[in-house]
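Each residue of the sequence shown is one higher than the last, beginning at 196 in the working numbering. Presented below is the structure to which this report refers.
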Amino acid sequence: MKIRNLKKKLAAVAAAALLTFSIAPAPVADAGWAEIIAGGISMGVQYQQLDEQMKYYDNDGRGEYFEMLEEKYGVNDDAELNERLDGIMASLTSSIGAVDPTIYDKPYNYFINPDESFNAFCSLGHNMSVNTGMFTLVSNDDEIAVVLGHEMGHGQKEHVRKSLKGMLKSALAGTVIAGTVGGAAGDMLGDMFINYSSAVHVTKPQEWEADNLAFEYMKNSNYNIGACAAIWQRVMEQYGDNSQSFVGDIFSPSDHPSHEERRDNYNKKMKEYSNGAVEVKVDDATHTGLVKVKGKEFATVPADDMMSSAERSFFVAGNLARAYHDGENASAAYADGTSVYLGNQFIMDAWDGDYAANLVETLNSIK
Numbered sequence: 196m197k198i199r200n201l202k203k204k205l206a207a208v209a210a211a212a213l214l215t216f217s218i219a220p221a222p223v224a225d226a227g228w229a230e231i232i233a234g235g236i237s238m239g240v241q242y243q244q245l246d247e248q249m250k251y252y253d254n255d256g257r258g259e260y261f262e263m264l265e266e267k268y269g270v271n272d273d274a275e276l277n278e279r280l281d282g283i284m285a286s287l288t289s290s291i292g293a294v295d296p297t298i299y300d301k302p303y304n305y306f307i308n309p310d311e312s313f314n315a316f317c318s319l320g321h322n323m324s325v326n327t328g329m330f331t332l333v334s335n336d337d338e339i340a341v342v343l344g345h346e347m348g349h350g351q352k353e354h355v356r357k358s359l360k361g362m363l364k365s366a367l368a369g370t371v372i373a374g375t376v377g378g379a380a381g382d383m384l385g386d387m388f389i390n391y392s393s394a395v396h397v398t399k400p401q402e403w404e405a406d407n408l409a410f411e412y413m414k415n416s417n418y419n420i421g422a423c424a425a426i427w428q429r430v431m432e433q434y435g436d437n438s439q440s441f442v443g444d445i446f447s448p449s450d451h452p453s454h455e456e457r458r459d460n461y462n463k464k465m466k467e468y469s470n471g472a473v474e475v476k477v478d479d480a481t482h483t484g485l486v487k488v489k490g491k492e493f494a495t496v497p498a499d500d501m502m503s504s505a506e507r508s509f510f511v512a513g514n515l516a517r518a519y520h521d522g523e524n525a526s527a528a529y530a531d532g533t534s535v536y537l538g539n540q541f542i543m544d545a546w547d548g549d550y551a552a553n554l555v556e557t558l559n560s561i562k
């Protein structure tokens with residue numbers, strides 16, 4: 196089994212690094228400079244070996260590592276979900292390629308695992324996995340694309356590799372200091388290497404970078420850019436602002452931006468994208484969203500069966516932001532049945548023709 200083989204490889208590396216410490220270590224005061232220097236050289240060699248192993252799984256061996264991930268986490272073969280994921284990944288790959296063509300040098304491998312919690316992760320070698328629970332909590336592909344765009348942002352900037360390198364070196368040094376020897380150390384490192392795939396300890400600046408990259412990717416796609424803020428609104432409503440119930444880097448509550456900070460950052464970026472015209476004001480106590488255009492009230496968006504007023508308001512604002520970014524606001528707003536348009540840009544569906552007419556009149560008066 197490949198996971199067991201990986202553990203054996205790392206166990207051998209760790210054992211070689213710790214061989215000097217298999218006898219009870221001498222007190223520091225009695226240790227000579229020769230022993231200290233020899234230990235430092237040994238650690239340096241093992242660091243290099245770990246680096247080489249990591250580079251292998253990040254490049255030529257990434258297919259092998261992908262199979263290990265599938266074996267560890269399991270695969271959900273649901274045809275409908277996989278078809279949706281194929282479409283999202285194809286769209287994101289194209290939008291990322293428009294600003295970062297290096298994505299084609301190492302295309303992403305991905306699979307759906309059966310975990311029902313809401314998460315996804317990107318590991319070494321541009322290998323990604325999406326929890327089944329992602330599709331359970333989120334019904335639309337736009338919000339899922341935001342999460343996956345965030346993970347691909349980590350991948351494009353090599354955050355995973357950089358973080359893993361530091362973690363493995365710290366673990367190896369900590370094992371030596373603690374006097375851990377033999378197979379136990381090897382098992383620990385083997386487990387860490389494969390388990391790290393879904394527990395990326397990226398920094399707060401790296402999280403912000405991945406968030407901002409996700410917005411750039413969404414701008415270049417056909418997805419609604421309002422989904423960037425909307426997904427965090429949904430997370431806040433379902434789990435609170437700093438939930439402890441998530442695993443994985445995107446939802447780490449300890450040293451990363453809060454859910455509210457991320458939502459508000461995306462709201463700000465959407466306003467900038469609309470040339471300063473569109474924003475959403477949210478009442479967090481009632482989950483109500485008010486869409487404003489040029490500082491004036493356009494609509495308090497009603498909730499529907501799938502979204503709260505606040506979450507839905509970000510989608511309406513996202514459509515308006517596209518219109519103002521692309522110059523569609525130069526054309527008149529109009530209604531087609533219960534659907535409201537600004538130029539060629541769809542804005543929102545109203546519950547009846549009268550409300551649609553009111554929205555058109557309001558928009559034309561302030562646009």
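C-beta: ideal position from N, C-alpha, C; glycine also.
Distance between residue j and residue i (C-alpha atoms, nearest Å)
| i | j | result |
| --- | --- | --- |
| THR495 | VAL325 | 34 Å |
| CYS317 | HIS349 | 7 Å |
| TRP546 | MET329 | 29 Å |
| PRO497 | SER504 | 5 Å |
| LEU213 | PHE261 | Residue confidence for LEU213 is low, a pLDDT of 30 falling below 50, so the modelled location carries little weight and cannot support an answer. |
| ASP479 | GLU346 | 27 Å |
| THR288 | ARG517 | 21 Å |
| TYR418 | GLN243 | 43 Å |
| ALA422 | GLU266 | 32 Å |
| TYR252 | ALA552 | 58 Å |
| SER286 | ALA512 | 22 Å |
| GLY548 | ILE426 | 29 Å |
| HIS321 | ALA527 | 45 Å |
| GLU432 | MET323 | 26 Å |
| ALA525 | GLY471 | 15 Å |
| ARG257 | LEU515 | 42 Å |
| LEU537 | PRO296 | 33 Å |
| LYS562 | TYR434 | 36 Å |
Residue interval of the beta strand (DSSP E) (run including residue i)
| i | result |
| --- | --- |
| THR483 | 483-488 |
| MET543 | 540-544 |
| MET301 | The sequence given here has Lys at residue 301, not Met. First-last for LYS301: undefined, no H or E at that position. |
| GLU474 | 473-478 |
For residue i, the nearest candidate out of the options (CA to CA)
| i | options | result |
| --- | --- | --- |
| HIS354 | GLU311, ALA516, GLU404, VAL342 | GLU404 |
| SER508 | ASN524, LYS301, HIS482, ALA525 | HIS482 |
| ILE307 | ASN559, ARG429, TYR268, GLN351 | TYR268 |
| GLU492 | ASP499, ASN524, SER560 | SER560 |
| GLU275 | ASP246, HIS321, THR331 | THR331 |
| VAL565 | ARG356, LYS250, VAL294, TYR305 | Here the chain covers residues 196 to 562 and nothing more, so residue 565 does not appear. |
| HIS520 | THR297, GLY292, VAL473, TYR434 | VAL473 |
| SER416 | VAL333, ASP500, ASP337 | ASP337 |
| ASN254 | VAL294, LYS301, ILE291 | LYS301 |
| GLU523 | PRO452, GLU506, TYR412, SER469 | SER469 |
| LEU319 | LYS357, TYR299, GLU311 | LYS357 |
| PRO452 | ASP499, ASN407, GLY490 | ASN407 |
| GLN248 | ASN335, LEU359, SER290, MET284 | LEU359 |
Residue range of the unbroken alpha helix (DSSP H) whose run includes residue i
| i | result |
| --- | --- |
| ALA405 | 399-414 |
| ASN559 | 548-561 |
| PHE330 | 327-332 |
| SER504 | 504-521 |
| ALA422 | 422-434 |
| PHE261 | 257-268 |
| GLY320 | Element bounds for GLY320: n/a, residue is neither H nor E. |
| TYR468 | 454-468 |
| GLU275 | 274-294 |
| ASP337 | 336-351 |
According to DSSP, residues forming a beta bridge with residue i
| i | result |
| --- | --- |
| ALA530 | VAL535 |
| THR495 | LEU485 |
| ALA315 | VAL325 |
| ASN254 | For ASN254, which the question treats as bridged, DSSP gives no partner whatsoever. |
Minimum Cβ-Cβ distance from residue i to chain C less than 8 Å
| i | result |
| --- | --- |
| PHE330 | This model lacks chain C altogether, as it is built from one protein chain only. |
Practice prompt. State whether the segment 485-492 contacts the segment 398-407, with contact taken as three or more CB pairs (one from each stretch) at a distance under 8 Å.
Written response: Result no; under three Cβ-Cβ pairs closer than 8 Å.
Discussion item. With three or more beta-carbon pairs closer than 8 Å as the criterion, would you say the segment 453-464 touches the segment 524-541?
Written reply: Contact fails: fewer than three Cβ-Cβ distances are below 8 Å.
Practice prompt. Check whether the segment 273-290 touches the segment 332-347, taking contact to mean three or more Cβ pairs, one atom from each stretch, closer than 8 Å.
Written response: Touching, per the Cβ criterion.
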